[in-house]
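In this note's numbering, the protein residues as written are -1 to 276. A short worksheet on the structure shown next.
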Amino acid sequence: MNQSAFVKETVIRPKKTFSLEDVREVWRYKELLYFFVWRDLKVRYKQTSIGVLWALIQPFVTMVVFSIFFGGLAKMPSDGVPYPIFVYVGLLFWNFFSSALGDTSNTLLANQSIITKVYFPRLILPIASVATKLIDFSIGTIMLVILMFYYGYIPHLGGLFILPLLLLITFMTSVGLGLFLCSINIKYRDVRYALPFLMQIMLYVTPVIYPASIAGKYSWILAINPMMGVIQNARAAVLGTTPINWLLISISLVGTLVLMIFGIYFFKKTERYFADIV
């Protein structure tokens, strides 16, 4: 008598919503997160003659160009601070944000061979892409110290306590937007071409090369951008150009939380299609 063979099949499907269990799962896979961060660093600087020194050279060259054209020729105000120092503080946070978005938007496509074969929390990939930029940020601060020493500028030590919060806001903003962008980029590959153009526009509507005060009564419009509060208060904390603006920090924090919630929601909603589309 023929008997039918029954095979038990287990199908793993990602949840549509985000929960506390997702946080616990990411924590359980923290070693994998560390691995992805280390791997991304090794791949980026592999077969380069100067390695991580590029994290110093890139913002330095950008600072020199901006100082020549905006500080020298355009005579852009810098709140009484040498313009190279003024613009470099802004570039530190802006480069973190813009480069994190660039890498995060493409992280799912870059890791498609892993996504289609192995299960792990997909949230780890965009988080790792942003976390890698913390290394570049830390290295970039060395040049800021050198610039301050060169110009004989004493940092405003009383405000440095706020920097970890500003870095956290930048990190969360990058993750929130990055989750949204990498989810869209899976289906619409135009994102990789549109993003650099959009980041160029955002650079000029964010007070990186100019003080926020230059916008006058319209500066509240700039406050919609979370990076505006971050950069202005970073200068206040490090350079003492203005008092720390807690209202701007609060606005940036609220905007960041909104972006994080939206980014996570959109990512979890589309996650089940990742393996099929890539």
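Using N, Cα and C, we set each Cβ at its ideal position, and we do this for glycine too.
Item	Value
Status (buried if at least 16 other CB within 10 Å, exposed otherwise) for I212	exposed
Backbone secondary structure at S136 - three-state DSSP	helix
Check whether M61 and V24 have beta carbons under 7 Å apart	no
Touch test, the segment 56 to 70 against the segment 150 to 160, Cβ-Cβ under 8 Å, three pairs minimum	no
Same chain, Cβ closer than 7 Å to F118, neighbours up to 5 away in sequence not counted	Y27 and L30
Among L107, P209 and I249, nearest to L164 - alpha-carbon criterion	I249
M(-1), DSSP secondary structure in three states	Note that M(-1) scores a pLDDT of 48, beneath 50, so its modelled location is shaky; the value from the coordinates is reported in the next line. The answer is coil: DSSP assigns M(-1) none of H, G, I, E or B.
CB contact flag (S103, V189, <7 Å)	yes
Min CB distance V203 to chain B below 7 Å	Absent here is chain B; the protein component of the structure consists of one chain.
Assigned secondary structure, L121 (DSSP; H/G/I helix, E/B strand, else coil)	coil
C-alpha distance - G227 paired with S97, whole-angstrom precision	19 Å
Straight-line Cα distance separating M200 from A192	12 Å
Identity of the residue in G49, R42, K44 and V87 nearest G64 by Cα	Before going further, note that residue 64 is Phe rather than Gly in the sequence given. Answer by Cα proximity: V87.
Separation of W52 from N183, as counted between CA atoms	27 Å
Best match in M197, S181 and A221 for proximity to K278 [C-alpha to C-alpha]	There is simply no residue 278 to check, as the chain begins at -1 and stops at 276 in what is shown.
Environment of W92 [buried if 16+ CB atoms lie within 10 Å]	buried
The segment 166 to 176 in contact with the segment 119 to 134 per 3-pair CB rule at 8 Å	yes
Alpha helix (DSSP H) runs contained entirely in the segment 19 to 67, provided each spans 4 or more residues	28 to 42 and 52 to 64
Rounded C-alpha distance that separates N243 from P224	13 Å
K267 - DSSP class collapsed to helix/strand/coil	helix
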